[in-house]
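So the protein lines, in turn, are chains Z and R.
Residue 106 in this note's numbering is what sits at position 106 of the first sequence, and the numbering runs on without skipping anything.
Residue 94 in this note's numbering is what sits at position 94 of the second sequence, and the numbering runs on without skipping anything.
Each residue gets a CB set at the ideal place from its N, CA and C atoms; glycine is no exception.
Just so it is clear, the structure is predicted and the values come from calculations on it, not from any experiment.
Here is the structure we will look at.
2 protein chains.
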Amino acid sequence: MSAVIRNIDEAEQAEIEMEGVRGASMAIMVGRSDGAPNFAIRHICVEPGGHTPQHQHDYEHEVFVISGRGDILLGGERHAIRGGDVIYVPVEEEHQFRADAQGEGLRFLCAVPMTRDCGDPVPAS
Amino acid sequence: MSAVIRNIDEAEQAEIEMEGVRGASMAIMVGRSDGAPNFAIRHICVEPGGHTPQHQHDYEHEVFVISGRGDILLGGERHAIRGGDVIYVPVEEEHQFRADAQGEGLRFLCAVPMTRDCGDPVPAS
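Rendered as C-alpha cells:
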C-alpha cells in the first residue's frame, strides 16, 4: 500500500456509539485499510463534558493530547491532561478520558497495535 | 510496567547524530523502557533549514506533525507538511523530513513498531 498524508482537520469524524461514551467521535487517520502493518492512529474529539468509556482491554494505548483540557482515569486516579501530553495506558489498565465541562473539549490521537506479540527490536524504539 | 503521562515540552531532546542529519533532536516519549510492547512514540524537533536523513528501512513510520512547516520526501516527491498532518511512511519507502528555512522549524511525533509481524486484529485499528 502507498504512503498517506492527511490532516486531522479534514478527517471524517464518526460518533463513537458505545456504552459509556458521551460526546466523542473518532476518525482512523492511519490504519489497517492503508496497509499499516503494526499499529493504527485514530483522532478522537471529546466535547466539553463528554467522555470515553471507562474500561480496560487486552491491548495498550499510546496517546497524544493535541489540544484542550480534561482528565484521564489511570492507575485508579484522575490526572489532569493538556495539550502536549503523551500518555501510555498499559494492557488491562482501566482508563477513561474526560473533557472539562468548560472550554473547547479534548482532542487527542490514540494509537493501538494492530495485533500483539512480535519479534526484533527497531532502532530507537 | 506502569502508566506514563509526560509532556513533550518537558522531554529531554538528544541531538540525532547520524549521517545526513542537520539540526534535529529526538526524545523517546513512550518506548521499550516503559514496557510498551508494540510501538514507540518519539518526539522530533528539526531546526529551521534542518533535516532528517534521506533513507529507507524495513519498518514503517506513522507521524503526526505538531507544529511548524516543512516538507517530506515521499514517493519520490517533496510534499509540503504542516501542523495536523498525519503521515504514513510504508516499509522500504525512501523519505526525508525538512523544516522550512524560515519560521519556527518542524516539530513532530514519529511512531515506530518495536518489532514486526503479529497476530489478531484490535477493534477500530
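Contacting residues, own chain, Cβ-Cβ under 7 Å from residue i (five flanking each side not counted)
i, result
"Y59/R", "V91, V112, P113, R116"
"R22/R", "G50, H51"
"R82/R", "V65, R69"
"E19/Z", "P53"
"D100/R", "P48, R69, G70"
"E12/R", "A27"
"H98/R", "The amino acid at residue 98/R is misidentified as His; the sequence shows Arg. So the qualifying residues of the chain are H51, G70, D71."
"H79/Z", "D71, I72"
Beta-carbon contacts of residue i that lie in its chain and below 6 Å, excluding the five residues immediately before and after
i, result
"V63/R", "I87, F108, C110"
"E77/R", "none"
"E94/Z", "Q56"
"R42/Z", "M26, I28, C110"
8 Å contact criterion, which residue i and residue j should meet: CB distance rounded
i, j, result
"V89/Z", "A3/R", "6 Å"
"Q56/Z", "L73/Z", "At roughly 10 Å, the Cβ-Cβ gap does not stay under 8 Å, so Q56/Z and L73/Z are not in contact."
"V46/R", "G105/R", "5 Å"
Close-in-space but distant-in-sequence residues of the same chain around residue i (CB under 8 Å, 5 per side omitted)
i, result
"G103/R", "P48, G68, R69"
"A14/R", "S25, M26, A27"
"E17/Z", "none"
"P37/Z", "M114"
"P121/Z", "Confidence in P121/Z is poor, its pLDDT being 47 and thus under 50, which makes the residue's placement unreliable; the coordinate value appears in the next sentence. Nothing meets the Cβ criterion."
Within-7 Å CB hit, residue i to chain A
i, result
"D9/R", "Chain labels in this structure do not include chain A; the protein chains are Z and R."
Residue-level contact to chain Z via CB, residue i, 7 Å cutoff
i, result
"G76/R", "no"
"G119/R", "Any reading at G119/R must be qualified, since the residue scores a pLDDT of 47, below 50, and its modelled position is unreliable; no value is offered."
Min CB distance residue i to chain R below 7 Å
i, result
"E12/Z", "no"
"A127/Z", "Residue numbering for chain Z in the displayed model covers 1 to 125; residue 127/Z lies beyond these limits and cannot be assessed."
"V4/Z", "yes"
"S125/Z", "Summary for S125/Z: the model assigns pLDDT 45, below 50, so the residue's position carries little reliability; its value from the coordinates is reported in the next sentence. Cβ-Cβ to chain R under 7 Å: yes for S125/Z."
Using a Cβ cut-off of 8 Å, which residues of the segment 15-46 of chain R contact any Cβ in chain Z, in chain order?
-> M26, I28, M29, V30, G31, R32, D34, G35, A36, P37, N38, F39, A40, I41, R42, H43
Given a limit of 9 Å on CB to CB distance, which residues of the segment 82-109 of chain Z reach chain R?
-> R82, G83, G84, D85, V86, I87, Y88, V89, P90, V91, E93, H95, L109
Residues within the segment 44-68 of chain Z neighbouring chain R, beta-carbon criterion of under 7 Å | Y59, E60, E62, F64
Say whether the segment 4-17 of chain Z touches the segment 27-42 of chain R, bearing in mind that this needs 3 or more beta-carbon pairs closer than 8 Å, one atom from each stretch.
-> no
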